[in-house]
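Participant:
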Amino acid sequence: MIPLKDDIPTSHRPVVTVALIAVNVAVYLYQFALGPHVEAFIWEFGAVPWELVHFEEVTPAHAAPIVLTIFTSMFLHGGFLHLGSNMLFLWIFGNNVEDKLGRLQFLLFYLVSGVVAVLTFVLTSPNAQVPLVGASGAVAGLLGVYVVAYPRARVLTLIWVFFFVRLVWLPAVFFLGAWFVLQLLYGLPTLGAAGASGVAYFAHIGGFVFGLAYCRFWCKRRGGFIR
Numbered sequence: 001m002i003p004l005k006d007d008i009p010t011s012h013r014p015v016v017t018v019a020l021i022a023v024n025v026a027v028y029l030y031q032f033a034l035g036p037h038v039e040a041f042i043w044e045f046g047a048v049p050w051e052l053v054h055f056e057e058v059t060p061a062h063a064a065p066i067v068l069t070i071f072t073s074m075f076l077h078g079g080f081l082h083l084g085s086n087m088l089f090l091w092i093f094g095n096n097v098e099d100k101l102g103r104l105q106f107l108l109f110y111l112v113s114g115v116v117a118v119l120t121f122v123l124t125s126p127n128a129q130v131p132l133v134g135a136s137g138a139v140a141g142l143l144g145v146y147v148v149a150y151p152r153a154r155v156l157t158l159i160w161v162f163f164f165v166r167l168v169w170l171p172a173v174f175f176l177g178a179w180f181v182l183q184l185l186y187g188l189p190t191l192g193a194a195g196a197s198g199v200a201y202f203a204h205i206g207g208f209v210f211g212l213a214y215c216r217f218w219c220k221r222r223g224g225f226i227r
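Be aware that the sequence shown starts at 1, since it is given in the working numbering, and climbs by one per residue.
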């Protein structure tokens, strides 16, 4: 299922959302320009769980401040499709969350959500010695806020199964609920794995759960913004 747009209009220009997309794209273009040196760049600024647990470099020749990689990793991507899918979700769901939280709070939440996602992955795979990269953990936090804030929203979705292709409007609760269930189904078998499964599912799970909890707390404190 590929989301194309939702049916919730925004009241303000999503300046921070666009800026985050621009930064992610710019970093990816820089990665692309590095050519054969991109692997060293990923190892330097990606978040390696083993390094964060033991506070020791796996690749001393490509060392950056270990704690800093918790932040830098969320702006790196492993390929064009990786970048494209994350930015698509960020644009579709992030603009509405920014509209509700406000620009500064949205930016802070995005960054904290990314940190929570990285730390969740580190806790579940502390011995992994491969770099964790991507904005998906931070974006997952936005999805958690969105599903609470807009339970009656609908998402125009491209469903593509072999030769079956159809556009359908799905309730956001169903679309994002199905997305979260898939993260659990694929993620549980990788729990504690020291190697690379290809996708850091527990980073997604951690970000999403953090978004749910944050929105519940924020709504209660602010008097709610459910629509």
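Idealized CB from N, CA, C, for every residue including glycine.
Keep in mind that this is a model prediction, so the values were computed, not measured.
(1) Could you tell me the distance, in whole angstroms, from the CA atom of T190 to the CA atom of F121?
(2) How close, in whole Å, do the beta carbons of F202 and G187 come, if the pair is a contact with beta carbons under 8 Å?
(3) Using alpha carbons as the reference points, say which of R166, F180 and V165 lies closest to A172.
(4) What is the residue span of the beta strand (DSSP E) that I2 lies within?
(5) Given this structure, state the Cα-to-Cα distance separating L184 from V112, to the nearest angstrom.
(6) By the three-class DSSP mapping on this structure, what secondary structure does F93 have?
(7) Which value, in whole angstroms, describes the spacing of the CA atoms of N24 and L76?
(8) Let me know the secondary structure DSSP gives G223 once reduced to three states.
(9) What are the boundary residues of the beta strand (DSSP E) that includes I70?
(10) Given this structure, state the Cα-to-Cα distance separating F32 from G79, to the nearest angstrom.
(11) Of all the options N86, W218, I205 and V27, which has the alpha carbon lying nearest to the alpha carbon of P3?
(12) Sort T59, H82 and H54 by Cα distance to W43 and report the nearest one.
(13) Less than 8 Å between the beta carbons of I70 and A47, yes or no?
Facilitator: Answer, in terms of the structure:
(1) 11 Å
(2) 5 Å
(3) F180
(4) For I2, the uninterrupted beta strand (DSSP E) run begins and ends at I2 to D6, by DSSP.
(5) 22 Å
(6) In the three-state reduction of the DSSP assignment, F93 falls in the helix class.
(7) 7 Å
(8) Unreliable placement is indicated for G223, whose pLDDT of 49 sits below 50; the coordinate value is still reported in the next sentence. Looking at G223 - three-state DSSP - the assignment turns out to be coil, as it is neither helix nor strand.
(9) Run containing I70: none in the beta strand (DSSP E); it sits in the alpha helix (DSSP H), T69 to T72.
(10) 9 Å
(11) N86
(12) T59
(13) yes
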